[in-house]
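Colleague: One structure, pasted below without further comment.
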Amino acid sequence: MKTFCGRANPTTGAIEWLEEDENYDYHQEIARSRYADMLHDKDRNVKYYQGIRAAVSRVKERGEKAIVLDIGTGTGLLSMMAASAGADFCYAVEVFKPMANAAVKIVEKNGFRDKIKVINKHSTEVTVGPDGDMHCRANILVTELFDTELIGEGALPTYEHAHKYLVEEGCEAVPHRATVYVQLVESKRMWSWNKLFPVRVEAEDGEKIIVSPSDMENCPGVPSVCDIQLNQMPSSDFTILSDVVTMFSVDFSNPVSSASTYYRVQLEPVKSGKAQIVLSWWDIDMDPAGMINCTMAPYWAKSTSDFQWRDHWMQCVYFLPNEEPVLQGETVYLTACRDAYSVWYKLQKAREGETKAGGRVESPVCRCQAHLLWNRPRFGQLNDQDRTHQYIKSLMKVLQRDSVCLCISDGSLLPVLAHYLGAKQFLKANNLEDKIKIIEARPELLTSSHLEDKKISVLIGEPFFTTSLLPWHNLYFWYARTAVTGHLTSDVTVLPQSASLHMMIVEFEDLWRIRSPCGICEGFDVQTMDDMIKNSLNFRESKEAEPHPLWEYPCKSLCDPQEVLTFDFRKTVPQHCVSTEGSVNLVRKGKSHGAVLWMEYNLAADISISTGLMQISNEKGNCEWNPHCKQAVYFFSSVIESETPSDLPSAVTYAINFDTKTGEIAMDFKL
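Okay, structure coming up:
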């Protein structure tokens with residue numbers, strides 16, 4: 003059997019479906035999974051263990067046998083906790099076959115073969131009865147089915163089914179309940195991920211302002227949550243407008259409904275401002291009394307200073323359909339609507355709230371297309387005035403009165419900027435329909451009739467393409483530039499004129515955990531899982547870099563940033579591969595967790611923009627990253643720890659190869 007997988011082709015800028023070995027999907031799923039992150043989540047594991055012990059004790063005190071159903075068992079960890087806490091039998095359900103196979107091995111290795119049965123099915127297909135998967139209904143329900151939004155992985159329909167068919171009435175549940183909290187804030191930074199701000203352009207004939215069309219301005223956006231590491235958002239980037247309030251809670255020990263519903267809370271703003279954002283997170287009580295609590299609360303809302311880093315559960319940013327001015331002390335009503343998998347919010351003034359007794363608010367639908375074309379970081383990038391100013395400065399250097407420009411980028415504002423800065427022609431809210439022509443053709447299919455028989459004197463791009471996953475995928479601009487060569491004047495100006503790939507060795511504060519073996523977790527041997535992840539990472543001969551938004555994941559540099567490859571857009575893509583070898587000296591002590599790679603674009607003489615490192619902010623090596631781009635992270639398979647500068651491995655050697663046929667970069671590092 004073969005599997006078809008979608009992959010971005012950097013040479014065509016398109017998603018292509020490639021035939022892969024049937025194991026490819028499994029290996030991708032495992033290699034990129036968050037299992038390691040969960041196993042390293044000490045707080046989660048300890049609280050689950052405490053909750054499970056307490057639940058087993060309560061059942062035993064009633065003189066009953068403790069029969070456990072563990073849905074989404076993963077490694078089998080929670081079932082092993084239950085068995086070691088004295089449960090009589092555990093049914094561990096896992097739908098993902100390679101994971102279920104690993105769970106069987108882990109359970110056997112830890113000596114629980116007679117106490118735990120692993121069932122490789124979706125829980126909704128599990129049968130109960132003398133000949134069923136389970137001999138009887140369970141009286142303890144243990145699950146870990148949550149994502150950052152709590153319900154996004156289908157926890158509600160799963161619980162609903164389990165209560166109907168798989169567990170006894172009045173069963174114990176671990177966790178016992180989940181509670182969702184909200185807080186209203188104003189934040190120009192976060193709002194810039196959802197709306198396009200006006201762009202000011204200083205042209206020869208005065209200041210011009212580019213505004214977004216009214217349908218974009220009034221568009222409610224998309225309902226999908228923006229999940230981020232809110233603990234990396236400085237308090238200076240938002241203004242708190244309300245106290246933290248409980249939005250809703252779900253009791254998992256009683257029947258659960260996945261039917262769409264809504265919840266309403268009254269808020270008294272603690273400050274006047276523009277309500278734009280609902281910040282949200284949840285906590286889970288592992289026991290009915292709420293003594294064993296695991297919380298996702300961000301730093302400013304925590305009652306304790308103990309901080310557990312985790313990447314599998316973060317915090318939610320929800321954008322209100324429109325910003326609403328609120329006054330300190332003047333009551334407003336916040337409505338949370340949910341279906342089986344997602345949540346969305348609406349804010350109403352008290353008097354509106356009184357007139358409409360408040361029903362369900364329909365899920366927001368993007369009407370302007372921009373929220374479907376641009377993701378949240380892309381909105382932020384387009385709203386970055388400093389970045390825009392660099393492009394304006396560069397365009398002013400290269401544009402002439404009679405310039406005929408062609409822009410190759412996805413959803414870019416460059417054509418509008420270039421027109422305002424004096425380009426004669428450029429191949430809708432700003433009344434430029436007759437000045438800018440949108441050509442719906444791929445670069446290689448461009449004809450002179452598309453260009454009205456004109457030659458292009460200025461070719462521009464950011465470059466940005468929606469299909470790009472890794473920094474170098476935007477080199478599609480180079481391939482497009484090569485494809486349109488016949489339409490360019492002999493002295494064409496290309497902006498950016500070149501690009502370069504940069505690299506730096508780093509020590510991560512926490513991100514290393516997602517690729518780090520766990521070995522023993524709460525006294526249980528989960529080495530099998532470590533081996534499985536390692537095997538999947540090695541499935542491709544060359545390990546691949548993976549994209550991460552590093553502003554959310556603090557790290558420090560262990561070497562100076564190094565330029566490793568350059569790409570000259572003034573020339574066409576060469577036929578041969580572009581490769582380099584070299585070494586970097588480590589200048590700080592620390593653990594070499596991996597290499598970070600990013601692109602820099604040289605727009606015009608002395609003007610460049612970085613998609614990665616913005617600056618190393620202090621002598622400790624703490625890094626500041628471009629917040630609108632994901633950087634490429636290549637995790638080393640073994641970590642070298644250097645304690646004192648004298649025993650620093652003098653260097654890390656690297657070999658990097660850019661395959662011009664595929665547009666992909668392969669790399670290898672030796673410590």
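If you count the sequence shown from 1, you need to add 2 to reach my numbering. Here a beta-carbon is modelled for each residue, glycine too, at the ideal position from N, C-alpha and C.
Find the nearest neighbour of Arg572 within the set Arg179, Asp493, Glu454, judged by alpha-carbon distance.
Modeller: Nearest C-alpha to Arg572: Asp493.
Colleague: Between Phe254 and Cys631, what straight-line distance do the alpha-carbon atoms span, to the nearest angstrom?
Modeller: Whole-angstrom Cα-Cα distance: 39 Å.
Colleague: Can you name, in chain order, every residue of its own chain whose Cβ lies under 6 Å from the Cβ of Ala501, other than the five neighbours on each side?
Modeller: Counting only Cβ-Cβ distances below 6 Å, and skipping sequence neighbours, we find Phe569, Met601, Tyr603.
Colleague: In this structure, what does DSSP give as the bridge partners for Gln185?
Modeller: Answer is Leu281.
Colleague: Return yes when the Cβ of Thr241 is within less than 8 Å of the Cβ of Gly275, no when it is not.
Modeller: Yes, the Cβ-Cβ distance between Gly275 and Thr241 is below 8 Å.
Colleague: Among Gly74, Glu626, Phe91, Lys111, whose alpha-carbon lies nearest the alpha-carbon of Thr126?
Modeller: Among Gly74, Glu626, Phe91, Lys111, the Cα nearest to that of Thr126 is on Gly74.
Colleague: Consult DSSP for Tyr656 and reduce its assignment to one of helix, strand or coil.
Modeller: Tyr656 falls in the strand class under three-state DSSP.
Colleague: Please confirm if the stretch 42-54 is in contact with the stretch 111-121, defined as three or more CB-CB distances below 8 Å between the two stretches.
Modeller: Not touching, per the Cβ criterion.
Colleague: Where does Ala10 sit, in a helix, a strand or coil, going by DSSP?
Modeller: It is a strand residue.
Colleague: Assign Lys304 to buried or exposed, taking buried as 16 or more other Cβ atoms, counted over all protein chains shown, within 10 Å of its Cβ.
Modeller: By the 10 Å Cβ count, Lys304 comes out exposed.
Colleague: Beta carbon of Ile667, beta carbon of Trp474: below 8 Å?
Modeller: Going by C-beta atoms, Ile667 is nearer than 8 Å to Trp474.
Colleague: Helix, strand or coil for His500, going by three-state DSSP, please let me know.
Modeller: Reading off the sequence shown, one finds Ser at residue 500, where the question assumed His. Residue state, collapsed to three classes: strand.
Colleague: Does the beta carbon of Ser365 sit closer than 8 Å to a beta carbon anywhere in chain C?
Modeller: Among the protein chains of the structure shown there is no chain C, as only one such chain exists.
Colleague: Within a Cβ cutoff of 6 Å, which residues of the same chain sit near Ser81, ignoring the five residues on either side of it in sequence?
Modeller: If we look at Ser81 and ignore the five residues flanking it on each side, its Cβ neighbours are Asp72, Thr75, Cys92, Ala94, Ile118.
Colleague: Please confirm whether Tyr481 and Val575 have their CB atoms less than 8 Å apart.
Modeller: Yes.
Colleague: Would you identify the three-state DSSP class for Lys593, choosing helix, strand or coil?
Modeller: The answer is strand: DSSP assigns Lys593 an E or B state.
Colleague: Would you call the stretch 556-569 in contact with the stretch 577-584, where contact means no fewer than 3 C-beta pairs closer than 8 Å?
Modeller: These segments touch.
Colleague: Contact defined as beta carbons within less than 8 Å: I believe Gly413 pairs with Leu375. What is the distance between those atoms, to the nearest angstrom?
Modeller: Yes, they are in contact, since the Cβ atoms of Gly413 and Leu375 sit about 5 Å apart, within 8 Å.
Colleague: Give me whichever residues DSSP pairs with Gly521 in a beta bridge.
Modeller: Paired residues: none, contrary to the question.
Colleague: With a threshold of 8 Å, are at least 3 pairs of Cβ atoms found where one atom belongs to the stretch 243-254 and the other to the stretch 384-394?
Modeller: With the cut-off at 8 Å, the stretch 243-254 and the stretch 384-394 do not touch.
Colleague: What first and last residue would you give for the beta strand (DSSP E) that runs through Asp229?
Modeller: Note, Asp229: beta strand (DSSP E), 228-230.
Colleague: Just to check my reading of the structure: Phe381 and Trp195 have Cβ atoms closer than 8 Å, yes? What is that Cβ distance to the nearest angstrom?
Modeller: Contact flag correct, Cβ pair sits at about 5 Å.
Colleague: Going by CA-CA distance only, name the one from Thr129, Ala597, Asp39, His165 that's closest to Val144.
Modeller: Selected option, being the one with the closest Cα: His165.
Colleague: How many angstroms separate the CA atom of Val345 from the CA atom of Val130?
Modeller: The alpha-carbon atoms of Val345 and Val130 are separated by roughly 33 Å.
Colleague: Given 8 Å as the limit, is there contact between the stretch 393-402 and the stretch 455-467, that is, 3 or more CB pairs closer than that?
Modeller: Touching, yes, given that three or more Cβ pairs across the two stretches are closer than 8 Å.
Colleague: Would Ile279 be called buried (16 or more neighbouring beta carbons within 10 Å of its own) or exposed?
Modeller: Per the 10 Å Cβ criterion, buried.
Colleague: What separation, rounded to the nearest whole angstrom, lies between the Cα atoms of Gly208 and Leu453?
Modeller: So the alpha carbons of these two residues sit roughly 30 Å apart.
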